[in-house]
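Start counting the sequence shown at 2; every next residue gets the next number (my numbering). Working notes for the structure below.
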Amino acid sequence: MVEGLQARNRGLVGPRRDLLTERQTISAERFGQNCVREMLSQIQADIRDVHLDWAYQFIKDLFPSTEAEVELALRRAQTELPAPLDHALTFNMALDLSGATRKMKAYMFPMAKNLATGRQRDARDAGFDAIRNLKPHGNRLAPAVDFLDLYWDTCPEKLVLDMIGMDCVDPSKARIKIYAHLPTRNSWDLIRHVSTFGGQATDVDRLKGLEILHSLWDILRNEQSNHGDHYDKPMRHPTSFLGSIMFSFEIVPDRQIPDVKIYVPMWQYAPSDGHVADNLMSAFRKLGWNDVAKNYLRNLRRTFPGADFESPLSVLHSNLSYSYSPATGAYMSVYYAISGKATIKNGQSSDED
């Protein structure tokens with residue numbers, strides 16, 4: 002997956018890699034734990050100022066750690082994983098590339114540990130406990146985790162914890178992001194409820210950001226009718242957990258209320274990438290990003306010359322994320338799910354055009 006950020010004409014590319022994609026690799030060496038440790042040790046020597054202490058602690062806490070846990074996790078994974086997964090995810094990483102600068106992010110998936118320990122609630126138990134136990138600063142992160150944990154139980158719709166992300170920098174400056182999704186619902190009333198934690202967080206900046214997103218919500222969901230804020234638009238593929246509304250809850254030491262970023266799977270609501278592109282350009286224009294809107298489709302076709310923008314089977318646009326801060330204003334990132342075919346035209350890769 003490649004993430005292309007659009008925020009007032011600022012560009013950034015961040016490739017992501019899932020290291021554990023083959024069942025035999027997972028089964029053979031404890032869900033790939035040794036592979037991940039080896040890779041991190043190599044990265045530590047190659048990337049300047051990378052800090053991996055938290056990553057190693059998460060590996061210890063969130064990978065199945067005994068033969069009995071491995072066996073239980075593999076057995077439960079056969080019947081309890083959401084479609085389309087065929088194995089429990091454990092680890093992912095991303096590199097933000099800006100010029101010659103590389104910054105690493107690591108992502109941990111608690112689902113394997115949750116399956117391995119037989120907990121009946123959800124992966125939240127394993128994930129939240131791992132954050133509270135971090136050294137240093139776990140005790141300073143705990144109030145935000147506790148706040149989120151309490152809200153989770155009162156949310157009017159089930160939230161499912163997907164992964165925990167972290168900046169691989171000095172822990173005193175690092176952010177922890179807790180990612181969770183709503184299985185099918187997407188009404189504005191529910192988005193606002195989650196983003197304000199049921200009205201517990203109503204600071205001016207948060208409400209300003211939500212006001213802007215509200216004005217874009219029907220555009221992003223490819224919705225022309227005015228059904229009202231209670232309306233949940235049907236998804237094209239409702240059984241896929243990869244295509245749900247997702248939130249990231251950003252926590253830092255000594256701040257109780259998390260910041261919230263919202264991820265919208267636009268491909269779930271529009272019939273083709275061409276429709277998604279049209280909706281994005283409409284959203285950009287509504288935000289006053291006229292140059293971004295004017296150039297978006299041209300840049301998209303140049304970057305992905307082999308993509309079929311009218312096919313309902315093509316999913317180039319993966320997600321759009323939205324956040325707001327006084328420093329950036331409205332901030333959007335567009336995520337692309339890239340196939341080799343999309344980057345090739347007439348047998349030539351796009352960088353040869």
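All C-beta atoms, glycine included, are put in the ideal place defined by N, C-alpha and C. Quantities reported herein were computed from a predicted structural model and do not represent experimental measurements.
Just reading off the alpha helix (DSSP H) that residue 295 is part of, what are its end residues?
First-last of the alpha helix (DSSP H) with residue 295: 291 to 304.
Could you name the residues of the same chain whose beta carbon sits closer than 6 Å to that of residue 318, not counting the 5 residues immediately before and after it, in chain order?
267, 268, 274 and 277
Run through the segment 54 to 132 for me and flag every whole beta strand (DSSP E) of 3 or more residues, listed as ranges in chain order.
Within the segment 54 to 132, the complete beta strand (DSSP E) runs of at least 3 residues are 92 to 99 and 102 to 109.
Cβ neighbours of residue 127 in the same chain (closer than 8 Å, five flanking residues each side left out)
Leaving aside the five residues that flank residue 127 on each side, the residues in its chain whose CB is nearer than 8 Å to its CB run, in chain order, 62, 63, 111, 114, 115, 118 and 120.
So the alpha helix (DSSP H) residue 148 belongs to, where does it begin and stop?
Its alpha helix (DSSP H) spans residues 139 to 155.
Once the 5 residues before and after residue 327 are set aside, which same chain residues still bring their CB inside 8 Å of it?
206
Would you call the segment 189 to 205 and the segment 37 to 47 in contact, with 3 or more CB pairs under 8 Å?
no
Should residue 107 and residue 89 be called a contact, given that it needs their Cβ atoms to be closer than 8 Å?
no
Closest by CA to residue 195, which one among 58, 83, 156 and 252?
156
Pair within 8 Å by beta-carbon distance, residue 320 and residue 265
yes
Answer with buried or exposed for residue 34, where buried requires no fewer than 16 other C-beta atoms within 10 angstroms of its C-beta.
Per the 10 Å Cβ criterion, buried.
Quick one: residues in its chain with C-beta nearer than 7 Å to the C-beta of residue 340, no 5 flanking neighbours on either side, listed in chain order?
Contacts found: none.
Quick one: Cα of residue 244 to Cα of residue 298, how far?
23 Å
Decide if residue 178 is buried, meaning its Cβ has at least 16 other Cβ atoms within 10 Å, or exposed.
Buried is the label assigned to residue 178, since at least 16 other Cβ atoms lie within 10 Å of its Cβ.
Roughly how many whole angstroms lie between the Cα atoms of residue 312 and residue 272?
8 Å
Rank 331, 49, 336 and 57 by C-alpha distance to the C-alpha of residue 209 and give the top, closest one.
Residue nearest to residue 209 within the set 331, 49, 336 and 57 is 331 (criterion: CA-CA distance).
Alpha carbon to alpha carbon, how far is residue 211 from residue 287? Give it in angstroms, no decimals.
15 Å
Go to residue 331, then tell me how far its beta strand (DSSP E) extends in each direction, as first and last residue.
330 to 337
So, residue 305 versus residue 294, is the Cβ gap smaller than 8 Å?
no
Buried versus exposed, by CB contacts within 10 Å (16 or more), residue 261:
By the neighbour-count rule (16 or more Cβ atoms within 10 Å), residue 261 is buried.
Express the C-alpha separation of residue 130 and residue 222 in angstroms, rounding to a whole number.
35 Å
Three or more beta-carbon pairs under 8 Å between the segment 132 to 147 and the segment 76 to 86, yes or no?
no
Taking the alpha carbon of residue 69 as the reference point, which residue from 109, 81 and 32 has its own alpha carbon closest?
32
Is it the case that the Cβ atoms of residue 180 and residue 247 are separated by a distance below 8 Å?
Yes. Within cutoff.
If you compare alpha carbons, which of 163, 255, 190 and 270 is closest to residue 225?
270
Residue 292 to residue 344, Cα distance in whole Å?
In a straight line, the C-alpha of residue 292 is about 24 Å away from that of residue 344.
On the CB-based measure, 16 or more other CB atoms within 10 Å of its CB, does residue 175 come out buried or exposed?
So residue 175 ends up on the buried side.
Using a Cβ-Cβ cutoff of less than 6 Å, which residues in the same chain neighbour residue 323 once the five nearest sequence positions on both sides are dropped?
So the qualifying residues of the chain are 214, 263 and 333.
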